[in-house]
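For reference, the structure is listed below as structure tokens.
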Amino acid sequence: MTNTPERIGRYRIERVLGRGAMGVIYKAHDPAIDRPVAIKLVRADLLDGGERDEYLARFRQEAQAVGRCTHPNIVALYDYATHEGNPFLAMEYVEGVSLAQALERGTRFRPDEAAFIMVQVLEGLGCAHELGVVHRDVKPANVLLLPGGRVKVTDFGISRIGGS
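According to my numbering, the sequence shown holds residues -10 to 153 in order.
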């Protein structure tokens, strides 16, 4: 799976958005609904035994966490399935940049802009907390800035649900 697949499930892959040690995020197209999606595919085949089981459990937990949270400031989850034995999430595709990317580019925010960003992050996290989901990895790379000033929190990969 080193090459970009043409499809993952029903989703037609358009391009790679990012790569990590454990997976790849693609921009894809959902033909059933005719909309763009982001596909987060885990490379579970790279793991052995207990490590694999632990990672897959964490990925499933991310799906459950994001799936519980329907809020305008949280990236929406559309689907959770497997492709060639590897689990994936189909999520809302967000046009924009991460707060980390904006800061690296030297973007400076006025105090009112920074406050507006933080209010939206806190509103999204507040919704998650009401549902018993704790993000546990809030950082600029996991805050997406959309055109028009909207903000979305992403990557609930190490979140904790309720008493887990």
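Ideal Cβ placement from N, Cα and C applies to all residues, glycine included.
Buried versus exposed, by CB contacts within 10 Å (16 or more), residue i
{"i": "G12", "result": "buried"}
{"i": "H124", "result": "buried"}
{"i": "T(-7)", "result": "exposed"}
{"i": "D126", "result": "exposed"}
{"i": "I22", "result": "exposed"}
{"i": "R57", "result": "buried"}
{"i": "A117", "result": "buried"}
{"i": "I(-3)", "result": "buried"}
Spatial distance of residue i from residue j (CA atoms)
{"i": "T71", "j": "E81", "result": "18 Å"}
{"i": "Y0", "j": "H18", "result": "5 Å"}
{"i": "R49", "j": "L66", "result": "12 Å"}
{"i": "Y32", "j": "F77", "result": "Checking the displayed sequence, the identity of residue 32 turns out to be Arg instead of Tyr. Taking the straight line joining both Cα atoms gives about 9 Å."}
{"i": "P61", "j": "S87", "result": "16 Å"}
{"i": "V132", "j": "E93", "result": "14 Å"}
{"i": "G138", "j": "V64", "result": "15 Å"}
{"i": "E40", "j": "F105", "result": "40 Å"}
{"i": "P20", "j": "R99", "result": "41 Å"}
Short Cβ contact (7 Å threshold) for residue i with residue j
{"i": "L6", "j": "G85", "result": "no"}
{"i": "Y44", "j": "I28", "result": "no"}
{"i": "V140", "j": "Q109", "result": "yes"}
{"i": "V142", "j": "G121", "result": "no"}
{"i": "F145", "j": "V55", "result": "yes"}
{"i": "D68", "j": "A79", "result": "yes"}
{"i": "P129", "j": "A89", "result": "yes"}
{"i": "L111", "j": "N75", "result": "no"}
Three-state class that DSSP yields for residue i in the structure shown
{"i": "P(-6)", "result": "coil"}
{"i": "L135", "result": "coil"}
{"i": "A27", "result": "strand"}
{"i": "A17", "result": "strand"}
{"i": "L120", "result": "coil"}
{"i": "V41", "result": "In the sequence as presented, Val is not what sits at residue 41; that position holds Arg. If DSSP states are grouped into helix, strand and coil, R41 belongs with the helices."}
Contact with chain B by residue i, beta-carbon distance below 7 Å
{"i": "D144", "result": "Of the protein chains in the structure, only one exists, and it is not chain B."}
Could you tell me which whole alpha helix (DSSP H) segments of length 4 or greater appear in the stretch 48 to 110? 88 to 93
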